[in-house]
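**Student:** I'd like to ask some things about the structure below.
Residue numbers (this note's numbering), protein chains in the order written: chain A, 11 to 332; chain B, -11 to 181.
Okay, here's the thing in structure tokens:
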């Protein structure tokens, strides 16, 4: 499918017209925000009759709170953030890919196997993740456990904004981190550390970011929500197409998008549309890891938060397999 | 007992004003040591009772974790707000600020701190908007003076006549005086008169 085909307005019956057309969505500058950035820049929102302002936010907590109080209509969110019973019930009808996450180790942990370093260490190593309720926290915990390290006793895990991680690793303020693209590649390129494992190696089906809205917003704007999901599905298909690789990298490198050097961007290390269906079974992996971490996830949360039916409705209206 | 508040603000001028305001209200103000130090370490070392943070700071996510994934943290940080405080939270978010108290501090002490931070952010927003307006007015006044000078030279008239001419021009065109003055200057520059 060419861009022209994708960006053509879909024929919508009158009763499916969006309840609202002017929307504001928050995003964090990461490669997996690509479907949102592409939808805005390549006209997929416009093709659905939506006028979307993409707002670059400084923290996940900002997106969650702004969506909760209605200052944003929705946004790029961490799936576990929705499952961790936020102040307002939030739902997702679209996953934004499975991320391209990596664990990077600094000098202290690169000299010997991690178990040996810890056994001989006076102070436990410090690892950084992007948010407490994030796939990064759980990937790191699984990786540590697999390497014979107790994530609760043997190491300290803190939250550090990803843009600060490479520098803190280089200066030894932290000893390792788990984050999404482009930050692991950036740290390795700066010589701050080495890639020890990728998220795909640790848990290939682990869900990562989603397009989240409040349950109330979804109830009040069903047609807008469908239009939004359709636009982002089409943007994800565009982003996955190898023919669009150079254009996608250029879009992401823009200072208002992800804003890192194009040479560090490898968007095709992850798939956007292929993992767009938010499967409740994927949420089960997260819920199990959240419980193991003592993050008190309600087992019933997945059925409320994950709405594969919303994805299927949008995909069916686009003539895609569901 | 006065609360020890860690203040994190990306804007140094606003931070200074906020620190003064907090001190006036009897809070003890702490500032993070060094941007190169993870905030999680500053929290551990300074052990504040509360935190006020600018929403433009990426460090906000660090406050979400303390006590949840960092068992070494002495005092978990929480944003205690009941449903009755929903409007206060919305107001704070729209002003661009958030506040937290650490475990052990009575949750009812958060609300006055959050309200103060919100009011202070809004106050500064208003001051800056007023300053922008004052600057704009000053620039416009200078533009009108220059245009008046051009009209006086071109039409060999006095200042009052030149001003009346510009005003009539603005009214006839349905444009602001400053806009017409700008056009007069542009035309004069193009014609080099």
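Glycine residues also receive a C-beta, built at the ideal position from the N, C-alpha and C atoms.
Please classify residue 125(A): does DSSP put it in a helix, a strand, or coil?
**Tutor:** DSSP places residue 125(A) in helix when its eight states are reduced to three.
**Student:** Give the interface partners of residue 237(A) over in chain B, defined as CB-CB distance under 7 Å, in chain order.
**Tutor:** Residues of chain B passing the Cβ test: none, with the nearest at roughly 26 Å.
**Student:** In whole angstroms, what separates the C-alpha of residue 140(A) from that of residue 191(A)?
**Tutor:** Distance between the alpha carbons of residue 140(A) and residue 191(A): 12 Å.
**Student:** How is residue -6(B) classed by DSSP in three states: helix, strand or coil?
**Tutor:** Correct three-state label for residue -6(B): strand.
**Student:** Where residue 146(B) and residue 113(B) are concerned, what is the direct C-alpha to C-alpha distance, given to the nearest angstrom?
**Tutor:** Roughly 42 Å between the two C-alpha positions.
**Student:** Within the 8 Å Cβ cut-off, does residue 116(B) reach chain A?
**Tutor:** No, because no Cβ of chain A sits closer than 8 Å to the Cβ of residue 116(B).
**Student:** Using a beta-carbon distance below 8 Å, is residue 187(A) in contact with chain B?
**Tutor:** It does not: the Cβ of residue 187(A) has no partner Cβ on chain B nearer than 8 Å.
**Student:** Nearest to residue 317(A) by CA position, among 260(A), 244(A) and 293(A), is which residue?
**Tutor:** Ranking the options by Cα distance to residue 317(A), first place goes to 293(A).
**Student:** Does the structure place the region 105 to 116 of chain A close enough to the region 280 to 294 of chain A that three or more beta carbon pairs sit under 8 Å?
**Tutor:** Because the criterion of three Cβ pairs below 8 Å is met, the region 280 to 294 of chain A and the region 105 to 116 of chain A touch.
**Student:** Should residue 142(A) be flagged as near chain B, meaning a C-beta pair shorter than 8 Å?
**Tutor:** Yes, contact with chain B.
**Student:** Could you confirm whether any beta carbon from chain A is found closer than 8 Å to the beta carbon of residue 95(B)?
**Tutor:** No, residue 95(B) lies away from the interface with chain A (no Cβ there is under 8 Å from its Cβ).
**Student:** For residue 13(A), which residues of its own chain have a beta-carbon under 6 Å away from its beta-carbon, when the five flanking residues on both sides are left out?
**Tutor:** Because residue 13(A) carries a pLDDT of 49, less than 50, the predicted location of this residue cannot be relied on, and the following value inherits that uncertainty. The answer is none, since no qualifying residue turns up.
**Student:** If we count the other Cβ atoms within 10 Å of its Cβ and call it buried at 16 or more, is residue 45(A) buried or exposed?
**Tutor:** When all chains shown are included, residue 45(A) counts as buried.
**Student:** Can you find a CB in chain A that lies within less than 8 Å of the CB of residue 19(B)?
**Tutor:** For residue 19(B), the answer is no, since every Cβ of chain A falls outside 8 Å of its Cβ.
**Student:** Please determine, among 116(A), 87(A) and 303(A), the residue with the shortest C-alpha to C-alpha distance to residue 219(A).
**Tutor:** Considering only alpha carbons, the answer is 87(A).
**Student:** Taking the alpha-carbon positions, what's the residue 328(A) to residue 210(A) distance?
**Tutor:** The straight-line gap from Cα to Cα measures roughly 29 Å.
**Student:** Residues of chain A with CB under 9 Å from residue 43(B), in chain order?
**Tutor:** The contacting residues are 67, 68, 69, 71, 72, 75 and 76.
**Student:** Roughly how many angstroms lie between the CA atoms of residue -7(B) and residue 99(B), to the nearest whole one?
**Tutor:** For residue -7(B) and residue 99(B), the distance between alpha carbons rounds to 14 Å.
**Student:** So residue 75(A) and residue 85(B) are in contact, right, with Cβ under 8 Å, and what is the actual spacing, rounded?
**Tutor:** Actually they do not touch by this definition, with Cβ atoms about 11 Å apart.
**Student:** Quick check on residue 158(A): buried or exposed, where buried means 16 or more other Cβ atoms within 10 Å of its Cβ?
**Tutor:** By the neighbour-count rule (16 or more Cβ atoms within 10 Å), residue 158(A) is not buried but exposed.
**Student:** Please report the Cβ distance between residue 283(A) and residue 250(A), rounded to the nearest whole angstrom; I am assuming they are in contact, meaning their Cβ atoms lie under 8 Å.
**Tutor:** Right, their Cβ atoms sit about 5 Å apart.
**Student:** Does DSSP put residue 208(A) in a helix, a strand or coil?
**Tutor:** Reduced to three states, the DSSP call for residue 208(A) is strand.
**Student:** Measure the alpha-carbon distance for residue 27(B) versus residue 47(B) and round it to whole angstroms.
**Tutor:** If you take the alpha carbons of residue 27(B) and residue 47(B), they lie about 7 Å apart.
**Student:** Along the chain, where does the alpha helix (DSSP H) containing residue 111(B) start, and where does it finish?
**Tutor:** First-last of the alpha helix (DSSP H) with residue 111(B): 98 to 143.
**Student:** By Cβ distance below 6 Å, which residues in the same chain neighbour residue 139(B) in space, the five residues on each side in sequence not counted?
**Tutor:** Once the five neighbours on either side are set aside, the close Cβ partners of residue 139(B) are 150 and 153.
**Student:** Residues of chain B with CB under 8 Å from residue 173(A), in chain order?
**Tutor:** Those are 46, listed as they occur along chain B.
**Student:** Considering Cα atoms alone, identify which of 34(A), 98(A), 241(A) and 175(A) is closest to residue 315(A).
**Tutor:** Closest by alpha carbon: 98(A).
**Student:** Quick one: list the residues of chain B neighbouring residue 133(A), beta-carbon separation under 9 Å, in chain order.
**Tutor:** The contacting residues do not exist; residue 133(A) stays about 10 Å from chain B at best.
**Student:** Can you check the region 195 to 255 of chain A for any beta strand (DSSP E) of at least 3 residues that lies completely inside it and give the ranges in chain order?
**Tutor:** DSSP runs (the beta strand (DSSP E)) wholly in the region 195 to 255 of chain A: 204 to 208 and 219 to 224.
**Student:** Which residues does DSSP list as the beta-bridge partners of residue 102(A)?
**Tutor:** According to DSSP, residue 102(A) bridges with 222(A) and 316(A).
**Student:** Would you say residue 76(A) touches the ligand GTP, meaning its beta carbon is less than 7 Å from a heavy atom?
**Tutor:** The ligand GTP is not part of the structure shown, which contains no ligands of any sort.
**Student:** Near residue 144(A), which residues of its chain fall below 8 Å by C-beta distance, leaving aside the five closest residues on each side in sequence?
**Tutor:** Same-chain partners within the cutoff: 70, 88, 90 and 91.
**Student:** May I ask you to report which of helix, strand or coil DSSP gives residue 184(A)?
**Tutor:** Correct three-state label for residue 184(A): coil.
**Student:** Looking at the unbroken alpha helix (DSSP H) that takes in residue 91(A), where does it start and where does it end?
**Tutor:** Here the alpha helix (DSSP H) through residue 91(A) covers 89 to 93.
**Student:** Tell me whether residue 75(B) sits in a helix, a strand or coil according to DSSP, three-state version.
**Tutor:** It is helical.
**Student:** Going along chain B, which residues have a C-beta under 7 Å from residue 178(A)?
**Tutor:** Here the neighbours are 26.
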